[in-house]
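Numbering (the numbering used here), first residue to last: 314 to 724.
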């Protein structure tokens, strides 16, 4: 049974791995000309995603590439003395198993785990999808047309598959008031295991390194009263908007912004949720940010994408390849996780980017508390917290036993 996956970042390769294990024949198409190796930005894997990585045999590589960030120095505008935060102990309190890893490192590990068994097509994209009774006719931007039994969009927030199948992005995106930018820069501070942040009302800038990287990443979060006007591929406009958002910030932030003209890697996007009543239509479905992204940097979307991909492959196997049973089962299985991730992201966006000096003081006080309390106490408080900080650890994975080859279903 032939299944086309669009997107080779995180959800796509995880899905391809498990589809192959269950006896399907997956093909992954990716717009980029080759696997990305610019480093990307840091993402979090929490307990269920770590368990899936272990089942895939890649856990040791993930842990070896973890950033190792344990400490955070928190500066506030107008306050001379920074707050020192044990960020590592906080993350251990919200998840029993956790790793922070650069997104492109994770994508490379997942690609390496699948490239011998899965067909990858780089430098191409889906141009059209036509559903027939017995399959899908797929046309590509450059490659020859092909026939598949199913198509799965794992191609991120700006999903091409979602646009072709469900309509324009604006119908499903819900902006939650903030923006995220990341750029690569020299590690002049020699950061290893530490992140340094500079916060003011409505904005935060930080810089961090990783123990295996020669350079560093600068990350920017900021709030606006209304959505900004730009195209998601217009990087020059995005850089101008970032400079405007951090005008008259501290000299340290100014030096980060100076790297905009030299950086080899730059990312900018709104913190936006995907809200769809269903992410399946006919023989097409979506996985990860393409279907249910809770918002970059605030909702644990990477772990959600890994779990979603694992569950989708498992439900297809459990249904013997019958998408009319598998797709609804997939949506039921992860629906609660998706909804709770969305709710948590809304609160996290407000908490990470306080809108006033008073809220910054509250954030600093909470950070001090995390640092001075015993780690066991912090963990106990996190378990009592009703905002959902431990939502990922409440997810129980089903054990989908790999089966043999699956034949195509005609319906």
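The beta carbon of each residue, even a glycine, is placed where N, CA and C say it ideally should be. Quick caveat, the model's predicted, so the values are computed rather than measured.
By the criterion of a C-beta distance shorter than 7 Å, residue 606 is surrounded in its chain by 470, 586, 587 and 614, once the five residues flanking it on both sides are discounted. Residue ranges of uninterrupted alpha helix (DSSP H) with 4 or more members, entirely inside the stretch 485 to 566 and ordered along the chain, are 548 to 558. Within 10 angstroms of the beta-carbon of residue 360 lie 16 or more other beta-carbons, which makes it buried. Runs of the beta strand (DSSP E) lying entirely within the stretch 329 to 384, each at least 3 residues long, are 338 to 343 and 355 to 358 in chain order. Under a 10 Å Cβ-count criterion, residue 669 is classified as exposed, with fewer than 16 other Cβ atoms of the shown protein chains found around its own Cβ. Counting only runs of 4+ residues, the alpha helix (DSSP H) found wholly inside the stretch 594 to 662 occupies 602 to 605 and 614 to 631, in chain order. Contact between the stretch 627 to 640 and the stretch 648 to 659 is not established, with fewer than three Cβ pairs separated by less than 8 Å. Secondary structure note for residue 463: its beta strand (DSSP E) is the uninterrupted segment 463 to 466. Where residue 392 is concerned, there is no enclosing beta strand (DSSP E), because DSSP gives it neither an H nor an E. Here the C-alpha atom of residue 409 lies approximately 43 Å from the C-alpha atom of residue 448. Judged by pairs of C-beta atoms under 8 Å, the stretch 567 to 586 does not touch the stretch 434 to 447, as fewer than three such pairs exist.
A direct Cα-to-Cα measurement between residue 712 and residue 434 gives close to 30 Å. Non-local C-beta neighbours of residue 425 in its own chain, meaning closer than 6 Å and more than five positions away in sequence, are absent. With respect to residue 578, residue 497 sits close: the two C-beta atoms are nearer than 8 Å. In the DSSP assignment, residue 454 forms no beta bridge with any residue. For residue 443, the enclosing beta strand (DSSP E) starts and ends at 439 to 445.
Take residue 369, set aside five residues on each side of it, and the residues of its chain with a beta-carbon closer than 7 Å to its own are 330 and 426, in chain order. Rounded to whole angstroms, the gap between the alpha carbons of residue 407 and residue 362 is 14 Å.
Look at the beta carbons and you see the stretch 593 to 600 touching the stretch 469 to 489: at least three pairs across the two are nearer than 8 Å. Shown here, residue 316 sits in a strand according to DSSP, grouped into three states. Looking at the DSSP output, residue 483 shares a beta bridge with no other residue. By the Cβ-count criterion, residue 557 is exposed, with fewer than 16 other Cβ atoms from all chains shown falling within 10 Å of its own Cβ. No residue range can be given for residue 321, since it is assigned to no beta strand (DSSP E) and is classified by DSSP as neither H nor E. Counted as a single uninterrupted DSSP element, the stretch harbouring residue 583 is not any alpha helix (DSSP H) but the beta strand (DSSP E) occupying residues 579 to 587. The beta carbon of residue 676 is closer than 6 Å to those of 667 in its chain, skipping five residues each way along the sequence. Annotated three-state conformation of residue 414 is strand, per DSSP. For residue 683, the uninterrupted alpha helix (DSSP H) run begins and ends at 670 to 685, by DSSP.
For residue 480, the closest C-alpha among the options 357, 680 and 589 is that of 589.
When the five nearest sequence neighbours on each side are left out, the beta carbons in the same chain lying within less than 6 Å of the beta carbon of residue 536 are those of 490, 491, 515 and 666, in order along the chain. Remark: three or more beta-carbon pairs, one from each stretch, lie closer than 8 Å, so the stretch 519 to 532 and the stretch 370 to 388 are flagged as touching.
Annotation: residue 507 to residue 419 spans about 20 Å, alpha carbon to alpha carbon.
The continuous beta strand (DSSP E) containing residue 434 extends over residues 432 to 435. The shortest C-alpha to C-alpha distance from residue 401 to any of 355, 636, 454 and 684 is the one to 684. Cβ atoms of residue 610 and residue 493 come within 8 Å of each other, at about 5 Å.
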